[in-house]
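Residues 831 to 1475 in our numbering are what the sequence shown lists, from first letter to last.
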Amino acid sequence: MSENFMVEINRQIITAITTGLILWGEGTICAKSAQAFIFGFDFRDSYSSQSLGPIPLDTGGNIPGGYGGLAFMDADTLLIGGSAYSPEAAIYQVDLVRDPSSNRIISYSAPATFFANAPGIGSVDPDIEAGGLDGGLIFAPNGTLLYTTYFDNSIGQIKPGSTNPDKFINLSPLGIDPPSTGGLIIVPEGFPGAGRLKISSYDNGNFYDALLLPDGQGTYDISVEGSINLNPDDGSNKGLEGIVYLNNSYPNFTTDSVLIAEYNNNNIGAYEIDENGDPIKETERLFVSGFPRSGAGSHMGLIVDPVTGDLLLSTDSAFTNDGSRDLGSQLVLFKAEAPPPTTPDNNPFDPITLLDLSTGATTASGAVSTSNDVYAIQAQAGELVSVDVNVTEILSGLGYTNDDTQLYLYNSEGDILAFSEDKADSFASRVLNFLVPEDGTYYIAVTTAGNEAILELGDVNQLLGFQETGLANVVYDLNVSRTSLSLTARLFDIALAIDPDNPVGSTLIDGDQVLFVDLNGTRNTDLTGPLQLFVNADENTVTFDNFEFILEFAEPFPSTDINDILDLFTTSEITAIIPPDELIQDIIFTERSLSSPISPNQPLPGQSVPEPASVLGLLSFGALGMGSKLKRKKQFYTSPHNNLS
């Protein structure tokens, strides 16, 4: 019979200074909501968005993600890449529905159909590993389709009537540096450089100028004429993808400009252009900033609607936290129309729905989009309260067509006790086994990603309300339960051991930043409120509650005693799935005494275990404004064995 142990955990913050000393500060680590504004500062008052959602496919389901480049066959027919950047990449055709009054695209008239295969040059060259259509898809002047491929750095060409590529151009010998390109466009008439071919590079941040040369066979050769690098001076890579040109008829554009999608940052940069149609780096502004949020798909294709001038953005796939399920891609429409006005909700206690937990469990139903729902429960000290959002219907939101919800648990003072953004298998939210510190009324707020919380920052952040800027739109069931504290519970403090040599700048934490952590790819998961660590001796695993964070030991536990298991942390190797490019830090556990039941306001004196036995080397840390980036095309990587010492 398996013996399970549960460890309750509190939090502290560790900061570092340039001398290498570590400063310990009492406090609570809170998560900040997803960014409230999709658009950059110069554009947020003049532009708005609407998610069109995933595109259904005639053979069932949706066009497989990620979505890639976009091209209009005619005013009401769109071509879009599916299974992007893979050898199975294909182009699909979908008919559009427009609003009769505004002519804006509002939906799809029927499921999409297959149009053509779009693999990379590696499909015909055995010496090159094959990729597939990426963020660029355009019609050449003669009607031939041109598309960029990742990661084999080529341009594929499909002549009218063909369903497979008729020609590939290997870009590497032409001076477009490998590993790979990103997007492409022919500069439209009326802009400087009209008719020239522009190619963006995913891997090196270059924006290439080229000429399109007919080869007499209905396809083209190209001549690369020059390039400009758009990456920042700090050496980071934007991951350039789709490209569109805008003139000064668009709000807040005073001259001809180019927009370039950035896969790695989830940004769209806006640049003025020179006489050749190339971006002027010094004029860069953010048109779209940090949307979609990390893990919810990255920027790929970008195109201008020829009827309305609206912009369409295609996104890469969004994945569950464990990487096991593709939650799909989507199309998002950006329009030159002021966003609907919002009035912040400055009272997180009104209106309230009171839930009855007298039987130990209850369920409520609701619907949220831009706003929030608030519930109240009664709980007693020492109980474990679990709250789960089960999305029953997904509707089209301002930014997302998915189940992206957020969950806040707070007390009568507004102190945030727990926060959840994602489950392991969806973007819905769950708080599992929150340890109630004292008898009283507790509050639950349900909202969607993008509804920025109004906070009073402190040792424990206080919820003052919401900006009412949610980006998803869902119908849900809220399941709330409470249970008694297990007799095997152990209480620990948790802290982040931050390496002062991390290359993230001289300031790790300041008064304007709200911290978040990622555990096993659970994005932006808050560390307020107790966290439980489950140790299963028979299955050789350690599991963190709502983080779904599992450490698998490379050798069996010789004992089912929790103290022996904690001691094993000094010698055992573990494997785990972690996001790449994160700041991998240690988790330090320091055990404290735990009286059961807990009395209100009862102090919990500390009792330390030996530090070497209390370090787990698998935490990724970030600060808002410094969040790290996921590697291109990968959601999770298996780490090498890590020594726990």
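Ideal Cβ positions, reconstructed from N, Cα and C, are used throughout, including at glycine.
Delimiting residues of the beta strand (DSSP E) encompassing residue i
i: G1295; result: Q1292 to F1296
i: R1312; result: V1304 to T1313
i: G1012; result: Taken as a continuous stretch (DSSP letters only), G1012 belongs to no beta strand (DSSP E), as it is neither H nor E.
i: D1063; result: Where D1063 is concerned, there is no enclosing beta strand (DSSP E), given that its DSSP letter is neither H nor E.
i: R874; result: Counting along the chain, R874 falls outside any beta strand (DSSP E), and DSSP gives it neither H nor E.
i: Q1476; result: The structure shown does not extend to residue 1476, since the chain spans only 831 to 1475, so no value can be given for it.
i: P1044; result: N1036 to P1044
i: N1000; result: K997 to N1000
i: Y922; result: A920 to R928
i: V778; result: The first residue shown for the chain is 831 and the last is 1475, placing residue 778 beyond what the model contains.
i: E1268; result: Note, E1268: premise wrong, no beta strand (DSSP E); not H, not E.
Whole-angstrom distance between residue j and residue i, CA atom to CA atom
i: L1143; j: E1102; result: 20 Å
i: Y922; j: F945; result: 5 Å
i: L1479; j: S1053; result: A question about residue 1479 goes unanswered here, because the residues of the chain that appear run from 831 up to 1475.
i: G898; j: S931; result: 30 Å
i: N947; j: F981; result: 16 Å
i: I1098; j: S1188; result: 51 Å
i: P941; j: L1161; result: 14 Å
i: E918; j: G962; result: 7 Å
i: V1305; j: I1110; result: 45 Å
i: I1016; j: G891; result: 33 Å
i: P956; j: T979; result: 16 Å
i: G1107; j: S1259; result: 46 Å
i: A1024; j: E1105; result: 10 Å
i: F969; j: K989; result: 10 Å
i: P1169; j: S953; result: 45 Å
i: R1115; j: Y1093; result: 16 Å
i: N1220; j: L1262; result: 14 Å
i: D1218; j: N1291; result: 22 Å
i: L1027; j: L1070; result: 16 Å
i: E959; j: D1007; result: 16 Å
i: S939; j: I1090; result: 29 Å
i: N1202; j: D1252; result: 17 Å
i: I935; j: T1172; result: 24 Å
i: P1136; j: L1185; result: 51 Å
i: L1141; j: Y1075; result: 10 Å
Residues of its chain near residue i, where Cβ-Cβ distance is below 6 Å and the 5 sequence neighbours each way are ignored
i: F873; result: N1082 and F1117
i: N1059; result: G1035 and N1036
i: D1086; result: F1021, N1077 and I1103
i: T1113; result: Y1101 and E1102
i: S1010; result: Y980, F981, N983, Y1032 and D1033
i: L887; result: I893, P941 and A942
i: L1287; result: none
i: D1329; result: Caution applies to D1329, whose pLDDT of 39 falls short of 50 and renders its modelled position unreliable; the value that the coordinates give is listed next. Excluding residues within five positions, none has a Cβ falling inside 6 Å.
CB of residue i within 7 Å of CB of residue j, strictly
i: Q1236; j: T1277; result: yes
i: T943; j: D925; result: no
i: I1029; j: L1043; result: no
i: T974; j: T1049; result: yes
i: G1056; j: G1012; result: no
i: S1128; j: S1147; result: no
i: L1247; j: I1274; result: no
i: A905; j: L967; result: no
i: S1119; j: G870; result: yes
i: S878; j: E1167; result: yes
i: T1271; j: A1206; result: yes
i: P1178; j: L1293; result: yes
i: L784; j: G1072; result: This structure gives no information on residue 784, because the portion of the chain shown stretches from 831 to 1475.
i: G991; j: Y977; result: no
i: L1265; j: Q880; result: no
i: S1199; j: G1227; result: yes
Own chain, CB closer than 8 Å to residue i, minus 5 neighbours either side, in chain order
i: T1084; result: N1078
i: S937; result: L882, L926 and V927
i: P1174; result: I1284, G1295, F1296, Q1297 and E1298
i: T1193; result: D1307, L1308, N1309 and V1310
i: N1232; result: A1126, A1148, L1157, G1158, Q1160, I1224, F1257 and A1302
Other residues of its chain near residue i: CB distance less than 7 Å, five sequence neighbours each side excluded
i: G1046; result: none
i: F1121; result: Q865, I868, N1096 and G1229
i: R1312; result: L1187, G1190, A1209, E1213, L1214 and V1215
i: D1234; result: A1126, F1257, T1278, A1279 and A1302
i: S984; result: G950, I951, F998, I999, N1000 and L1001
i: S913; result: P894, A919, A920 and G962
i: T993; result: A946 and N947
Practice task
Just list the beta strand (DSSP E) runs in the stretch 1182-1238, keeping only unbroken ones of 3 residues or longer that don't cross its boundaries, in chain order.
Solution key: Restricting attention to beta strand (DSSP E) runs no shorter than 3 residues, the stretch 1182-1238 encloses them at 1191-1198, 1202-1209 and 1214-1224, ordered along the chain.
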